[in-house]
Amino acid sequence: KEVTFVLLWLYPLVLLHRDQHPVTLGFIAVWILWSLRTGFLMHLALAKPLAPTTPELVYGWFLKTHSICYYSAGATVYIFFLVPGLGILMLFFALYFGVLGRDCAEICATRISNTIGYTKYETAPENICALCNIELRQTLELMLGETTEDEQPNVIQLQCKHEFHEKCIRGWTIVGKKDICPFCFEKVDMRILIPDSPWNSKRLSLLWVKLLGLIRFLLVWNPLVTYSAMILLKLFHFAPLRDQSGKPVF
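The opening residue of the sequence shown carries number 3 in the working numbering; numbering runs sequentially from there.
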């Protein structure tokens, strides 16, 4: 898995070596900018001591990446009928950054959780988000009039009654591939974390998450399955498959 993660991140360099088409150069430019920002945030997430603002920055960035990829993939359905080439290109961008972003988010989420150190054997912290270690509600600032109810961060309560910042828990579960409460490890119902609106469907959002997971699974296991099949065929002396010219396929 770690090998395919590195290869996936460096894939644009291979693409650039093979082709210097303007579209490829545009993809490389987006990849460089995204990689710089992501690499910087991963550095912050892996650093010790962990800065207080790092978890919110990390979860927010990867959640934003996930959302942009999701809506871009949805737009390809309409764009494909108008400009097929552009539609396919947008879908490729969405799938690539969607899969890679979730891998990076998983690494960061695991490290941040381990650094903060909350476990199911401890007492739940009061008015503290266990994912970023910041107050859920700024009660003191609210009392002093320095903030209003509308300016308070959105908070989500899971079925286990543990509360988290909306951005943090969505980044942890939807993007970071964690389907459990980070505090008590109870399984999370992903449907309550996805806002339902006229331009967003819970069903499609969950389908997008499953699609990214399936693509990641294939990236890890497909090469292994293919080469294992090739080895078995040779061991049992099966005749190789041949193309129209008579040459072996492998």
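For every residue, glycine included, the Cβ atom is placed at its ideal position computed from N, Cα and C.
Residue nearest to residue i in terms of C-alpha spacing, selected from the options
i: residue 117; options: 211, 139 and 56; result: 56
i: residue 41; options: 21, 58 and 63; result: 63
i: residue 173; options: 86, 18 and 114; result: 114
i: residue 130; options: 107, 87 and 184; result: 184
i: residue 179; options: 30, 111 and 67; result: 111
i: residue 171; options: 207, 133 and 138; result: 133
Heavy atom of the ligand ZN within 6 Å of residue i beta-carbon
i: residue 16; result: For the structure depicted, the ligand ZN is absent and the ligand set is empty, with no information on it obtainable.
Assigned exposure category for residue i - 16 Cβ within 10 Å defines buried
i: residue 193; result: exposed
i: residue 58; result: buried
i: residue 167; result: buried
i: residue 4; result: exposed
i: residue 60; result: buried
i: residue 16; result: exposed
i: residue 21; result: exposed
i: residue 53; result: exposed
For residue j and residue i, believed in contact at Cβ under 8 Å, the rounded distance
i: residue 10; j: residue 221; result: 7 Å
i: residue 176; j: residue 195; result: 6 Å
i: residue 65; j: residue 169; result: 6 Å
i: residue 75; j: residue 93; result: 6 Å
i: residue 18; j: residue 30; result: 5 Å
Residue-chain proximity (residue i, chain B), Cβ-Cβ < 7 Å
i: residue 107; result: The question asks about chain B, but that chain is absent: this structure has only one protein chain.
Assess contact between the region 80-97 and the region 38-56, defined as three or more Cβ pairs (one per stretch) separated by less than 8 Å. Is contact present?
Counting C-beta pairs with one atom in each stretch, the region 80-97 and the region 38-56 have fewer than three that are closer than 8 Å, which means they do not touch.
Measuring CB atoms only, is the region 206-225 touching the region 98-106, in the sense that at least three cross pairs come out at less than 8 Å?
With the cut-off at 8 Å, the region 206-225 and the region 98-106 touch.
The region 154-174 touching the region 183-193, judged by at least three CB pairs closer than 8 Å
Yes: at least three Cβ pairs fall under 8 Å.
contact_flag[the region 62-71, the region 17-28] where n(CB pairs < 8 Å) is 3 or more
The region 62-71 vs the region 17-28: no contact.
Contiguous alpha helix (DSSP H) assignments of at least 4 residues, all confined to the region 84-125:
Segments of the alpha helix (DSSP H) lying fully in the region 84-125: 86-118.
Which residue spans inside the region 28-89 form an unbroken alpha helix (DSSP H) run of at least 4?
Fully contained in the region 28-89 are the following alpha helix (DSSP H) runs of length 4 or more, in chain order: 56-84.
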